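Chains as they are written, first to last, in this note's numbering: chain A, 13 to 157; chain B, 13 to 157. Note that the Cβ used here is the ideal one computed from N, Cα and C, for glycine as well. Here the structure is a predicted model, which is why all the values come from computation and not from measurement. Step one of this worksheet: look at the structure below.
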DNA sequence: CATGATAACGCAACTCAGTTGCATTTGTCA
DNA sequence: TGACAAATGCAACTGAGTTGCGTTATCATG
C-alpha cells in the first residue's frame, strides 16, 4: 500500500499531474487490478469514498491518464471501453463469454508482425496498432454447461 | 439487381423468413457493400424508402438474420456494432483511423490457430472465436498529415 | 380469391455509456 | 498566503441499443 502510494506519486509528478484523491484512487485500482477495468467498475469502487466521485470526473481523469500514456484502452466485445496500465507489455486477452472473466495472454507475435508488414506493403497502409482478443469458455464454465 | 433479388429470395425462403421490403432492402445492402455496415448507415440508406423504416425494426431484423447465420457482427474500435454477410470467408479488417475506410484482409492464420490451440491447452479454455483488427492510416490519409 | 395465424412493424418511452457547458472548489508554486 | 490553473460536480444532453404493446402485412390453407 505504502510503496504503491510512492510509486503513484512519482508517476504523477513525472507527468505534471496534481495529486488528487480521485487520481490516487484510480491509479491504485489500476496497479492492483489483474484485469482491465470498466468505468462502471471504477465508479462502483469509488462510490465508497467519502462524498463519492462524479462520473464526469472519472471520464475526464481517464482521458488525462491516456493522454499522458499512463493507461490504454481495450475493447472486449461488449459496448464499453476497458482501461489498463499502459506500462504492461503488449498483450492480448482471453475472455470467458459466460462469466466474463478476463485473462492476459502473452503469445509469440513474430508471425503476426510479419503478416502486418506484408499487408502494410501490399495495401500502402501504415499500421499503428492491432487488437486481438480470444473469446470462449473458461474451465469452470465448460463444466456447468 | 435482378439476380440479386432472386438470390435474396432464395436465401430467405431457405431460412423460413417472410419477404418484406425492409428485409429485401437490407439484404441488398449487404450483398452490395464492400464494407461492414453500421445501423446508422442502414437507417440513413433506408430513410429514402417511402415511409422510412423504424430503427427498432432494423435492430430486430439484424437479430433475425444473425440468428439464422446469414450475417455476423464485427467490432471496429468505436462504440457501435457493424454487420456483414456471414457467407464471406473468415477474415479481418484494416481500419483507417483518419477516414474510417475499412478494407478486408485475408491472411494466413495457421500460426494464429496453432497459438490458439496451445493457449487453449495451457489455460483450459475452449476458444470459440477471435477478433483481430488492424488500425492505421491509409495511403491517402498518410499524405495529408 | 378470401382469411386467419403469426411474423413483422411502428411508436413512445426507456437504459446505459459517454459528453458538454458552466459554475465552484482545490492543489501547487511563487 | 494568495492567485491561478487544474480538477470537480451537476444537470442536461447525445447516440446506440432495448422493451412493451398495439397495429399491419405476409403467406399457407382452404
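Within 10 angstroms of the beta-carbon of residue 125 of chain A lie fewer than 16 other beta-carbons, which makes it exposed. Ranking A:128, A:133, A:88 by CA distance to the CA of residue 142 of chain A puts A:128 first.
When the five nearest sequence neighbours on each side are left out, the beta carbons in the same chain lying within less than 7 angstroms of the beta carbon of residue 64 of chain A are those of 58, in order along the chain.
The residue among B:89, B:25, B:61, B:51 with its C-alpha nearest the C-alpha of residue 148 of chain B is B:89. Residue 42 of chain A: member of the alpha helix (DSSP H) spanning 33–44, first to last residue. For residue 117 of chain A, the residues of chain B that pass the 8 angstroms Cβ criterion are 131, 135, in the order they occur in the chain. For residue 29 of chain A, the closest C-alpha among the options A:78, A:155, A:103, A:139 is that of A:78. In this structure, residue 40 of chain A places its C-beta atom within 8 angstroms of the C-beta atom of residue 16 of chain A. The continuous stretches of beta strand (DSSP E) do not include residue 52 of chain A, which lies in the alpha helix (DSSP H) extending over residues 51–58. In this structure, the alpha-carbon of residue 123 of chain B lies about 7 angstroms from that of residue 123 of chain A.
Residues of the same chain with a CB within less than 8 angstroms of the CB of residue 49 of chain B, apart from the 5 flanking positions on each side, are 41, 42, 94, 95, 96 in chain order. Ranked by Cα distance from residue 110 of chain A, the options B:98, B:107, B:100, B:140 are led by B:140. Within 9 angstroms of the CB of residue 64 of chain B, no CB atom of chain A is found; the nearest one sits about 25 angstroms away.
A residue is called buried once 16 or more other Cβ atoms fall within 10 Å of its Cβ, and residue 37 of chain A is buried on that count.
Here residue 102 of chain B is exposed. Its C-beta has fewer than 16 other C-beta atoms within 10 Å. Of A:60, A:85, A:132, the smallest CA-CA separation from residue 71 of chain A is found for A:85. Rounded to the nearest whole angstrom, the C-alpha separation of residue 21 of chain B and residue 82 of chain B is 13 angstroms.
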